[in-house]
Amino acid sequence: MSEFKSALAPYMRGLIAQKRALGFKYYEQENQLLKFDSMLQEHYPHADTITKEIAEYWAIRKPYEKTATVRNRMTPIAHLALYMNKLGCNSFVFRLNELGKEEKYPAHIYSDDELYRFFRAVDTCCHYSSEVPYRQFVMPLLFRMIYCCALRPGEALRISVRDVDIQNGTLKILASKYDSDRLIPMSKHCGICAAHTFKQSIPIHKTICRSFRDIRANR
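According to this note's numbering, the sequence shown is numbered sequentially starting from 439.
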């Protein structure tokens, strides 16, 4: 579990433990709580509860943010306040319905030409970087796995080397939606079935596609 340092750290750890005991992964929410924890250390270092001022400060919408982004940030904070209230604290529970309705976007079906230009751009825009040494391999592979193997973005990002069966040409997806596991045949367009050198160059416990959070953290 992540290291929380604010005065509310025990409550955050307790909430995450409770959610996971109930079967929720609660990974993205944990990331949001970490950011909230950092904000408390910087702006409210002596806060021992969630006040209306703190909640509304954290809910301030940045010019580039959509309603869904703010909702994702505020939902675990509302969970935390409810959890603290059940333990006898007097915490302010932010009402998520005050954020308004989320924008809905029509689905876009890419044409063959758009797909060709997209993958050509992915193949040519990524060059070697010492900060992200596998980027020139990862980015083309990542988007091909998402498109050709019908993976969710989070599933593709969490695949580790041990989940790739080169001999049988399958991907093992573990603990996905509804905590289910499944085997997926790899499309020949992924090109990974023949990538023995690439696979052997990465430790077996490492994810092939590192999360963007990890990439930023190492900068």
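Cβ coordinates follow ideal geometry from the N, Cα and C atoms, glycine included.
At the level of alpha carbons, what is the spacing between residue i and residue j?
i       : j       : result
Ala-493 : Phe-532 : 6 Å
Cys-586 : Leu-534 : 37 Å
Trp-437 : Phe-474 : Past the edges of the chain, shown from 439 to 657, lies residue 437, and the structure says nothing about it.
Lys-457 : Arg-558 : 42 Å
Tyr-554 : Ile-515 : 42 Å
Gln-658 : Leu-612 : Since the first and last residues shown for the chain are 439 and 657, residue 658 lies out of range.
Ala-445 : Leu-453 : 14 Å
Met-624 : Arg-582 : 10 Å
Gly-607 : Glu-491 : 54 Å
Asp-603 : His-565 : 27 Å
Ala-459 : Val-576 : 34 Å
Name the residue from the options whose alpha carbon lies nearest to the alpha carbon of residue i.
i       : options                               : result
Lys-443 : His-517, Asp-486, Tyr-585 and Thr-507 : Asp-486
Pro-448 : Leu-518, Lys-504 and Tyr-502          : Leu-518
Arg-573 : Lys-610, Leu-595 and Ser-618          : Leu-595
Leu-589 : Val-576, Lys-524 and Ile-622          : Ile-622
Tyr-548 : Gly-452, Phe-556 and Leu-612          : Phe-556
Gly-526 : Gly-592, Ile-488 and Glu-593          : Ile-488
Lys-463 : His-484, Ser-614 and Asp-619          : Ser-614
For residue i, which residues does DSSP report across the bridge?
i       : result
Arg-620 : Ile-611
Asp-603 : Thr-608
Could you give the first and the last residue of the continuous alpha helix (DSSP H) run that contains residue i?
i       : result
Leu-518 : 505-524
Pro-578 : 573-586
Tyr-543 : Note, Tyr-543: premise wrong, no alpha helix (DSSP H); not H, not E.
Tell me the start and end of each unbroken alpha helix (DSSP H) in the segment 544-570 that is at least 4 residues and wholly inside, in chain order.
With a minimum length of 4 residues, the continuous alpha helix (DSSP H) runs that stay inside the segment 544-570 are 550-563.
Just list the beta strand (DSSP E) runs in the segment 449-511, keeping only unbroken ones of 3 residues or longer that don't cross its boundaries, in chain order.
As far as the segment 449-511 is concerned, it has no whole beta strand (DSSP E) run of at least 3 residues.
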